[in-house]
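Numbering (mature numbering (1 follows the signal peptide of the UniProt record, and there is no 0)), first residue to last: -24 to -1, 1 to 415.
C-beta: ideal position from N, C-alpha, C; glycine also.
This report concerns only the one structure given below.
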């Protein structure tokens, strides 16, 4: 924006006597201790404001502040997530002044898609996996193997009416170097073998305070110990049914009803005689303080075969963010209705700062505590199938994951897991390195 245009706008506004905003007049002084000063200074340090001079303790008018915000908005496409949030906050505060100056506000992603009939997004992920298994029995897995996979996802959402939309997801999964992984169930051991399918589809309806989603989709209750399935392509069972969610005050509620079926894209589940199950359940999370959320989840599962003896699972969870900082602790414990071996728990620490996220998780699962194919305890990371509990009593694992945002669209990840089965000698150690591109 040219300086002369801004100056002319200011003079015209002054002569015409523009009405003040709801908060303050356009020429009212902004106190030197106002939050906007530090915010603008941060944007300047990020290189989003050209020719910036620190005003120190000198007060300036709202319009002068709006000019600085307008300069930063010209470079909004270069801002990271934190600075975009600052720009949004400043834009709301100085919306009237920016409008008078003729600054065009950047359109948010949701607003961009609001008028579109069809919205398309997706991702492509390339991973290399290395397995070093000293545990016995090995369940048909090699002692050592290195192989990779490439996954492509295409999400399609279409607005049908004001409160109704349709969704679908196309996925494709291929493996390479798979012959080294003896007796694997991913693609029958063939290099380059791939599978493709439309694995998500259905309708979403806004009904008063409730959001309803009916169809084949991903589903999760609580922190994922009871059920967390369908999000990845080609591994977890499908969930087909209804998911309902709502939020009121500080409480968020989800309810599910439907069934899980073996994944038709691979034989990894059917090879273990998993015939699926009917599900009914719900969860609720309560924000009791700014940085503390407590939750409860319950699900009744009716197996379509004699896969496990447990039918009911209850979970309690807590999420604590320490002082609004980068570290968050998440814990969940589960107990099923089985008469023995009925407990599971997980503890996760998450550290997020700038472009890096570090996740450290420990899980412990007893044989009858959970459905082993539909949750984060066993299959959420698609990495620990060799530690299946069909014939063993207890399984535990430590999982480390490092994610780095190379750009806003490209993320790298490194994951390491070590797991062991109680009563079985040795450990299964697996590592994964990959790139994720989102569009």
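From the listed residues 230, 126, 108, 214, the smallest Cα separation to residue 396 is found for 108. The residue from 384, 344, 305, 297 with its alpha-carbon nearest to that of residue 331 is 384.
Residue 64 carries a helical assignment under DSSP once its states are collapsed to helix, strand and coil.
Nearest Cα to residue 67 within the set 38, 337, 94: 38. The residue among 181, 266, 255 with its C-alpha nearest the C-alpha of residue 205 is 255. For residue 385, there is no enclosing alpha helix (DSSP H), as DSSP marks it with neither H nor E.
Contact check for residue 235 against residue 252 passes: the beta carbons are separated by less than 8 Å. The DSSP-derived three-state label of residue 24 is coil. Counting only runs of 3 or more residues that sit fully inside the region 264 to 348, the beta strand (DSSP E) segments are 268 to 279, 288 to 297, 303 to 312, 319 to 329, 332 to 342, in chain order. When DSSP states are grouped into helix, strand and coil, residue 15 belongs to the helix group. Only residues of its own chain outside the window of five on either side were considered, and among them 206, 207 have a CB closer than 6 Å to the CB of residue 194, listed in chain order. Contact annotation, residue 372 with residue 339: C-beta distance approximately 7 Å; criterion of less than 8 Å satisfied.
In the DSSP annotation of this structure, residue 185 is not part of any beta strand (DSSP E), being labelled neither H nor E.
Residue 133 sits in a strand when the DSSP states are folded into three classes.
Within the same chain, Cβ atoms closer than 8 Å to the Cβ of residue 298 are found at 267, 304, 305, the five residues on either side in sequence being excluded. Inter-residue distance for residue 320 and residue 45 is about 51 Å (C-alpha atoms, whole angstroms).
In the three-state scheme derived from DSSP, where H, G and I count as helix and E and B as strand, residue 210 is classed as coil. Distance from the CA of residue 391 to the CA of residue 324, rounded to the nearest whole angstrom, comes to 14 Å. 302 is the residue among 302, 348, 341 whose C-alpha sits nearest the C-alpha of residue 328. If you draw a straight line from the Cα of residue 346 to the Cα of residue 196, it is about 14 Å long.
The C-beta of residue 179 has fewer than 16 other C-beta atoms within 10 Å across all chains shown, which makes the residue exposed. In the three-state reduction of the DSSP assignment, residue 142 falls in the strand class, which pools E and B. Take residue 192, set aside five residues on each side of it, and the residues of its chain with a beta-carbon closer than 8 Å to its own are 175, 176, 177, 178, 206, 214, 215, 216, in chain order. A straight line joining the alpha-carbon of residue 295 with that of residue 231 spans about 20 Å.
Nearest in C-alpha terms to residue 132, of all of 153, 147, 95, is 95.
Residues 334, 390 of the same chain have their beta carbon placed closer than 6 Å to that of residue 378, with the five preceding and five following residues left out of the count. The beta carbon of residue 262 sits closer than 8 Å to those of 226, 227, 269, 270, 271, all from its chain and outside the five residues before and after it, given in chain order.
A direct Cα-Cα distance of roughly 13 Å separates residue 14 from residue 65. Residue pairing by DSSP places residue 369 in no beta bridge whatsoever. Residue 212 holds the alpha-carbon nearest to the alpha-carbon of residue 350 among 188, 73, 212. Contact check for residue 103 and residue 408: beta-carbon distance about 6 Å, within the 8 Å limit, so the pair qualifies. Bridge pairing for residue 10: absent [DSSP]. In the three-state DSSP reduction, residue 199 falls in the coil class, being neither helix nor strand. Comparing alpha carbon positions, the residue from 52, 43, 50, 300 closest to residue 74 is 43.
Within the same chain, and ignoring the five residues on either side of residue 414 in sequence, the residues whose Cβ sits closer than 7 Å to its Cβ are 99, 385.
Note that the C-beta distance between residue 138 and residue 181 is not below 8 Å.
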